[in-house]
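In my numbering, the protein residues as written are 13 to 1001. In this text, a Cβ means the ideal position worked out from N, Cα and C, and glycines have one as well. Note that this is a predicted model, so its numbers are computed, not measured. Following: one structure in structure tokens, then a few remarks.
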């Protein structure tokens, strides 16, 4: 086939159509003409092009220009009924055939069936044949089923398929007297009426029709055009390109148009079949971004660049993913660059903040738990604290609280939401009964609207009306507030559903009502006011049909966005759709391909933005197949095509190596040094010292600045709470031996073991006394069982541990302290450094020495307590340096044991004899027995044989380091230590 020469004109497709219409029809014929275009947006553009193409000073009646869908509905002489009303009518028909059908069951598939009916009609399918095929296929499936597996539910399931044709016929019959229809039925009726008109010889022929820029046609549209062509009342102008329309082209973008060209024998030498993709120069950039959220900002930067390069050029920002609309609007360049733009797609209600509020409200009620046992709260839902606090933190409700706080006549409601949230945290209310929330709300109507029990749709509708009215008070005074538009749209949706369900005997469940409401929200768009012919257009891919732009920016050029994922939104199996030539996901992909390539035909500059692999917030990091085709197919056929493949990076400026880790540094000025000195004088615990060595910035936040961590509701015991339960239970079980000063022997163990479960339960109740979550429930119950097992196993192991029994307990949970005097450079008098701690247990050994024992519920390995190591032992001096600087887990534990022994032997009132011990009892390593740390390197390295004097010198070194002005406060370089740090948000970790 010869390749047509590139067109000399650079006009848009619709501009060419306008000139063609003026050249082909005289003034009288033009006025009677009907021009059908794909979209309402194309209607506006074609009217403008006709006005521009009309010679100056000439007046004429413009032809009738209509979008295809609007024109087909008009030709059918019907009115489209609301989907909610259609589904309710469909349910009534099913209910008549199956009285046992529940509405909540119907909700799950009613919408899909309605969509399938519309598809069948829009494609003029032989419904009787299709429904018979389905019924026979299901009968065969039932025949193959094991008779023992057949149930009443299966009988109803197979009966459903046998009744579909009857339901379909009754459904259409109920709509016909009122001249109502769903979209597909309107298309079928439009074709039927046209056939009837053409068969009636008494009626005049329809006016001349011109079909412009259509893509993939439904069977009804195709038949409608064919009927008009038979009586020579239809001209067709497709907008195609040989790149995908040649007979041997593998590109699926042309699969429908190739068939139409052959079917209607259309000429291939007009402007509708010109070499644009291969015959024009195009500058295409493939721009990869690290994450989906960057696309909105990048679109604004690309738009600014386009306006600076060519202020007169038309630019389209195309969003295959409509959720990017708000990010794109927020990223628009200044008004000086883009003084006017138009948003054609409308903002989906599901993208608004109000939808998020409604969604959170349903989350609270649908996740509520109702007591199953009789009691004071029987039947009262309990809401999870996370759902409640997330709802109360919504910006709409916070804005309402600010408005409420300004009402001087209602001081009792000031800070109401803050009060409820703080009470939830203070009392650790994990599951909140609705009655408790209403009590905390002090009777305020907002709290009643949010948390009163919903039994059916009536409760939801009442709550929505109250919520809308309360929020209206906040936003009605803000002129032009978009939130007021949200509220009005939401009100109309609720009113519509209220009217639809008001007269029905069966009330909808909460889940069913949510489905209906969300379906309505998904279809509802918040329109934007703008100049419809502005040079900058922000639109969806389908809205670009028949339109052309000088510069095109397409976002989300990834698989599963462009084209959309392969989802079959139908109750009918794929083989049925394919057998009867009904549309499948393959047809949807072909349509997306046509829209993509057609949009690129006349665009001189094209920016295709895609998200790189491994990014969050995107379903796949794979580039769209259309980008691959452009790189490896079109580029090889068009020498004038320039393709740039770039990765967009966020500029970070010049950053020195390691600067990101050390970008928060606090110098030790006089106030800082005074604060550190105060900590040393008041008392430094082993855990505080370990904290300083691990991250001095965290030490500063917690010990000097004293930033309080955010309190949270603890649903189950954390590591600290679990450890407290184990420690306290052991203390109480061994208390009699401490008080009575008698030895614990193997004979005493059976009686103690018998008390373990009850004591653990008691400690759990005490630890969870302020929580509403019961210790016996959920994870707390599991942790209680673990605690019982750990304590039992420890007590049972005592006889097997050498030299432990008989055990004389000198003290439990007792404070210890010691004071060291450190010489500080620049200070005349030594600084009194106080070390303090709390011993879990102190044992009196038979030889007079004492041993402090620290229980650990975590895992402790014996090898990590040997700081010297075993493979290549460190020198004593190097081991001391590790003791004073290392922040590893093992070094932390050795420091604790070292300071415990130091405090034990330094006790001013009752000093332990030299050589006393400090040991760890790891309850996860019970077989290892008591774990101690070799501390001989301290005296060896210092040359001081006295352990106390040697240790005092090392503690003084630590104090001097903490007070050294040359060593600033900074955050750790070990990112693993930041994972659970409560201050990580402050230092940007």
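Contact under 8 Å by Cβ, residue i with residue j
{"i": "residue 36", "j": "residue 336", "result": "no"}
{"i": "residue 318", "j": "residue 563", "result": "yes"}
{"i": "residue 538", "j": "residue 359", "result": "yes"}
{"i": "residue 131", "j": "residue 554", "result": "no"}
{"i": "residue 84", "j": "residue 208", "result": "no"}
{"i": "residue 290", "j": "residue 649", "result": "yes"}
{"i": "residue 463", "j": "residue 530", "result": "no"}
{"i": "residue 338", "j": "residue 363", "result": "yes"}
{"i": "residue 581", "j": "residue 134", "result": "no"}
{"i": "residue 378", "j": "residue 519", "result": "no"}
{"i": "residue 693", "j": "residue 844", "result": "yes"}
{"i": "residue 91", "j": "residue 192", "result": "yes"}
{"i": "residue 62", "j": "residue 97", "result": "no"}
{"i": "residue 88", "j": "residue 271", "result": "no"}
{"i": "residue 342", "j": "residue 308", "result": "yes"}
{"i": "residue 79", "j": "residue 50", "result": "yes"}
{"i": "residue 863", "j": "residue 852", "result": "no"}
{"i": "residue 136", "j": "residue 584", "result": "no"}
{"i": "residue 677", "j": "residue 980", "result": "yes"}
{"i": "residue 891", "j": "residue 949", "result": "yes"}
{"i": "residue 817", "j": "residue 756", "result": "yes"}
{"i": "residue 397", "j": "residue 458", "result": "no"}
{"i": "residue 124", "j": "residue 186", "result": "no"}
{"i": "residue 715", "j": "residue 700", "result": "yes"}
{"i": "residue 707", "j": "residue 983", "result": "yes"}
{"i": "residue 545", "j": "residue 179", "result": "no"}
{"i": "residue 408", "j": "residue 449", "result": "no"}
{"i": "residue 597", "j": "residue 579", "result": "yes"}
{"i": "residue 814", "j": "residue 850", "result": "no"}
Residue i in three-state terms, based on DSSP
{"i": "residue 78", "result": "strand"}
{"i": "residue 417", "result": "helix"}
{"i": "residue 735", "result": "helix"}
{"i": "residue 608", "result": "helix"}
{"i": "residue 844", "result": "strand"}
{"i": "residue 989", "result": "helix"}
{"i": "residue 114", "result": "coil"}
{"i": "residue 878", "result": "coil"}
{"i": "residue 657", "result": "strand"}
{"i": "residue 290", "result": "coil"}
{"i": "residue 3", "result": "Look at the range of the chain in this structure, 13 to 1001, and you will see that residue 3 is not part of it."}
{"i": "residue 750", "result": "helix"}
{"i": "residue 91", "result": "strand"}
{"i": "residue 32", "result": "helix"}
Inter-residue CB distance, residue i and residue j (contact presumed, cutoff 8 Å)
{"i": "residue 658", "j": "residue 298", "result": "7 Å"}
{"i": "residue 340", "j": "residue 550", "result": "6 Å"}
{"i": "residue 953", "j": "residue 909", "result": "Not quite, the Cβ-Cβ distance comes to about 17 Å (not below 8 Å), so this is no contact."}
{"i": "residue 468", "j": "residue 521", "result": "6 Å"}
{"i": "residue 330", "j": "residue 566", "result": "4 Å"}
{"i": "residue 929", "j": "residue 913", "result": "7 Å"}
{"i": "residue 625", "j": "residue 600", "result": "The Cβ separation is near 25 Å, so there is no contact."}
{"i": "residue 709", "j": "residue 999", "result": "6 Å"}
{"i": "residue 376", "j": "residue 399", "result": "5 Å"}
Taking three-plus beta-carbon pairs below 8 Å as touching, is the stretch 241-248 in contact with the stretch 216-227? yes
Is the stretch 832-845 close to the stretch 965-979, with three or more CB pairs under 8 Å? yes
Let me know the alpha helix (DSSP H) ranges lying completely inside the stretch 219-278, each 4 residues or longer, listed in chain order. 231-242, 254-257, 267-276
Touch check for the stretch 62-82 and the stretch 34-50: three-plus C-beta pairs under 8 Å? yes
Is there contact here, the stretch 420-433 with the stretch 501-515, by at least three beta-carbon pairs under 8 Å? no
Is the stretch 934-946 touching the stretch 855-870, taking contact as three or more C-beta pairs under 8 Å? yes
At least 3 beta-carbon pairs within less than 8 Å: the stretch 228-241 vs the stretch 185-203: yes
Tell me whether the stretch 56-68 and the stretch 263-272 touch, counting them as touching only if at least three CB pairs, one residue from each stretch, are closer than 8 Å. no
Just to confirm the assignment: which complete beta strand (DSSP E) runs, minimum length 3, are found wholly within the stretch 797-861? 821-834, 843-856
Cβ pair count under 8 Å reaching 3, the stretch 759-776 against the stretch 796-807: yes
Please give the ranges of any alpha helix (DSSP H) in the stretch 539-599, keeping only runs that are unbroken, at least 4 residues long and fully inside the region. 586-591
Kindly provide the ranges of any alpha helix (DSSP H) runs that are 4 or more residues long and lie completely inside the stretch 907-976, ordered along the chain. 948-954, 959-974
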